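Basically our numbering = 1-based index in the sequence shown + 6.
Positions of the beta carbon are idealized from the N, C-alpha and C atoms, including for glycine.
It should be emphasised that the depicted structure is a prediction, and the values quoted were computed from it without experimental measurement.
The structure appears below as structure tokens.
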Amino acid sequence: MARRLAYTCAAFLLALICAFVFASYAQILVALHASSGSGVAAPSRSPEPSPAAVIDDLVHLIDRQNATIHQLAAKLESALQVAQAVQTNEAASANLRREKRDLEGRLQTALSRQGTLQADLDAMKALAPQAPAPLAPAATPKATPTPTLEATPKATPQAMPEANANSAAPRAKLVIGMQTVPRPNDLDYLGQTLRALVGQLPTDPSDPWYGMVRIVAIKVSPGPHRRFEEAKTAMAQLPGGSAVTFLELVEPPGKDPGGADPPRGARGGPNVPNATVRKQTRDIVATLRACDGLADAYLFLEDDMELCPRGFEAVRYVLEKATAYYGEWIAVRCSFGMNGIFITGDDVPIFANYLEEHQSRRPPDHLVVEWFAGEKPQSAAQKRGRVNGAFRYNIFKHLGLWSTLRSQKSPRYPACFEELNSKVLFEAEAFSAKDCPDDDLWPCNVSDSKKALNTEGGVAGVEGAGLGTPHGGRLCVPAHRVATWDRPEAPGAMLPPV
């Protein structure tokens, strides 16, 4: 009897288990059927927002971004007004320039964000044409407007590495500013000059100079400039051509503040600028102001100066060595005329003002020497005891036989890698082989820790740190601070880039 009862209970329990398993299996089948054949039950989702709701959100964000842009623009305008009021105070001016760059960076970031939001809004409008059109966002002010310059269609400047996700791209290491005018018979000096520059820029993203050079070419003459238009198209298609920005000078940036320009065609002299030379000085001023805040250093260049082969190696070598030698410097020469002169980025607006103020007194290639050599009380105060240096060798080749600053034909221009001594330049800016017979940067009266001279090359066992000298020695510099550059054996030698 007890055994039968046990069998009955076991059978009952087994039936309950089977029923439970069957019910569970049925629930699984129902879930699989409801999941649209995917084999996995579809997760629950919140309702998708309507296109109209998305558009409303985007318009709201754009309005907020516009308000931020207006606030930043107002702060920037205030900073510029204060800067003009205290421009004679060098320390205050330096602080204001840093504040100006910070505001410009924040404003540029805000404008970029506004552009992204506007693109998203336009895309949503295209997807939802039936949605009511929202109010157009308010027009945004231009960052640091330059009324005398007009941007022309161009390639986007080379991408610069961002310091972090919330900051604007850092300043470049170097910006090269040049003015361009049409040449007789449409000679393509501009294209040749730009190709030589862009063709030597670093292409390896791991290079610390990659993307850190900007070139600003400004058309400074009215009327057509065929080679300028061709260069814009060519640079947009050339690898590295995105480093070039093209601008047009819509109107002269101002007349001579000391009085009216002399009549067009009036004779000047080698050291007294006529109306044409004064206009060229103001063109340089406009170029400097367009490049203000873009880079740590500025290089003056004209559109008929071709960078010598391997010249960019010398550019980075000169800049890094000058900093290693002098710490602070005001200018370094590496060519002749109003070309191949490096000045610091912070000095760009200071020298622009100096040029504009004294344009009626001397031509620009004389004023620049007067300024960085501290030959006048005003320029000496702006120099502040800093070094003006000279590289031993010319690294730019002049195209053609005529100077853009003077009407007379030049009998001869220095060739590539020819020595820039006092036969070529003013004594205050020329390299002195007497002072520095075994060096390539003048002045060279720096401590032994900043330079070393031996005949085997290398510093502390570092290969490749030696730099060739015309006397067979090897000038050695700290490899971790200064790039290397070997001068071709003979002046004027045109070696292929390496």
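Which of the three DSSP states is assigned to residue i in this structure?
i, result
"leucine 82", "helix"
"glutamine 243", "helix"
"threonine 350", "strand"
"valine 430", "coil"
"phenylalanine 342", "coil"
"tryptophan 215", "coil"
"leucine 325", "helix"
"leucine 249", "One detail in the question is off: residue 249 reads as alanine in this sequence, not leucine. Helix at alanine 249."
"valine 65", "helix"
"glutamate 236", "helix"
"glycine 395", "strand"
"leucine 102", "helix"
"arginine 513", "A question about residue 513 goes unanswered here, because the residues of the chain that appear run from 7 up to 504."
"glutamate 363", "helix"
"isoleucine 192", "Note that residue 192 corresponds to aspartate in the displayed sequence, not to isoleucine. In the structure shown, aspartate 192 sits in a helix (DSSP, three-state: H, G or I)."
"proline 355", "helix"
"valine 504", "At valine 504 the pLDDT is 29, less than 50, meaning the model places this residue with poor confidence; the figure from the coordinates comes in the next sentence. DSSP places valine 504 in coil when its eight states are reduced to three."
"alanine 169", "Bear in mind that the predicted position of alanine 169 carries a pLDDT of just 28, short of 50, making it too unreliable to give a figure here."
"glutamine 77", "helix"
Between residue i and chain B, is any beta-carbon pair separated by less than 8 angstroms?
i, result
"serine 428", "Here chain B cannot be found, since the structure has a single protein chain."
Can you name the residues that DSSP bridges to residue i?
i, result
"lysine 225", "Thr186 and Glu254"
"alanine 303", "Leu180 and Thr350"
"leucine 447", "Phe397"
"serine 308", "Reading the sequence as shown, one finds glutamate at residue 308 and not serine. Gln185, per the DSSP bridge assignment."
"alanine 58", "Paired residue(s): none; alanine 58 is not in a bridge."
"arginine 220", "Val181"
"alanine 337", "Ile349 and Asn394"
What is the rounded straight-line gap between the Cα of residue i and the Cα of residue j?
i, j, result
"leucine 431", "lysine 389", "20 angstroms"
"asparagine 359", "glycine 205", "33 angstroms"
"valine 222", "glutamine 77", "29 angstroms"
"methionine 184", "aspartate 298", "14 angstroms"
"serine 227", "tyrosine 195", "15 angstroms"
"leucine 67", "alanine 320", "49 angstroms"
"serine 438", "leucine 193", "36 angstroms"
"asparagine 451", "asparagine 400", "22 angstroms"
"aspartate 279", "threonine 287", "Per the sequence presented here, residue 279 reads as proline, with aspartate not at that position. Distance between the alpha carbons of proline 279 and threonine 287 is about 9 angstroms."
"alanine 79", "glutamate 424", "48 angstroms"
"asparagine 305", "arginine 232", "It is leucine, not asparagine, that sits at residue 305 in the sequence shown. Cα to Cα, leucine 305 sits roughly 25 angstroms from arginine 232."
"phenylalanine 234", "serine 366", "29 angstroms"
"asparagine 345", "isoleucine 61", "53 angstroms"
"aspartate 352", "arginine 103", "8 angstroms"
"aspartate 444", "valine 324", "16 angstroms"
"alanine 58", "aspartate 69", "17 angstroms"
"valine 250", "tryptophan 377", "28 angstroms"
"arginine 392", "alanine 434", "14 angstroms"
"valine 291", "arginine 284", "11 angstroms"
"aspartate 446", "lysine 81", "46 angstroms"
"threonine 74", "lysine 106", "16 angstroms"
"aspartate 302", "lysine 179", "5 angstroms"
"serine 586", "threonine 293", "Residue numbering for the chain in the displayed model covers 7 to 504; residue 586 lies beyond these limits and cannot be assessed."
"proline 449", "serine 341", "16 angstroms"
"alanine 386", "proline 230", "41 angstroms"
"threonine 186", "threonine 282", "14 angstroms"
"arginine 418", "glycine 343", "13 angstroms"
"valine 219", "leucine 300", "10 angstroms"
"aspartate 505", "asparagine 72", "Residue 505 lies beyond the stretch modelled for the chain, which goes from 7 to 504, so this question has no answer here."
"glutamate 362", "tyrosine 216", "34 angstroms"
Considering residue i, what are the terminal residues of the beta strand (DSSP E) in which it resides?
i, result
"glutamate 312", "311-313"
"histidine 372", "Looking at the DSSP string, histidine 372 is not in any beta strand (DSSP E); the run it does join, the alpha helix (DSSP H), is 370-378."
"lysine 403", "402-404"
Taking the alpha helix (DSSP H) that residue i belongs to, which residues open and close that run?
i, result
"lysine 285", "281-297"
"alanine 436", "Element bounds for alanine 436: n/a, residue is neither H nor E."
"valine 204", "195-204"
"alanine 421", "From DSSP, alanine 421 is part of no alpha helix (DSSP H); its letter is neither H nor E."
"glutamine 384", "383-389"
CB of residue i to nearest heavy atom of the ligand SAH: below 7 angstroms?
i, result
"lysine 403", "With respect to small molecules bound, the structure shown includes none, and the ligand SAH cannot be examined in it."
message: If contact is defined by three or more beta carbon pairs under 8 angstroms, each pair taking one atom from either stretch, is the region 324-333 in contact with the region 246-255?
response: no
message: Using a Cβ distance threshold of 8 angstroms, determine whether the region 364-377 contacts the region 201-210, with at least three qualifying pairs required.
response: no
- request: Would you check if the region 305-312 and the region 398-405 touch, i.e. whether three or more CB-CB distances between them fall below 8 angstroms?
  value: yes
- prompt: Okay, do the region 341-357 and the region 241-251 touch, 3+ Cβ pairs below 8 angstroms being the bar?
  reply: no
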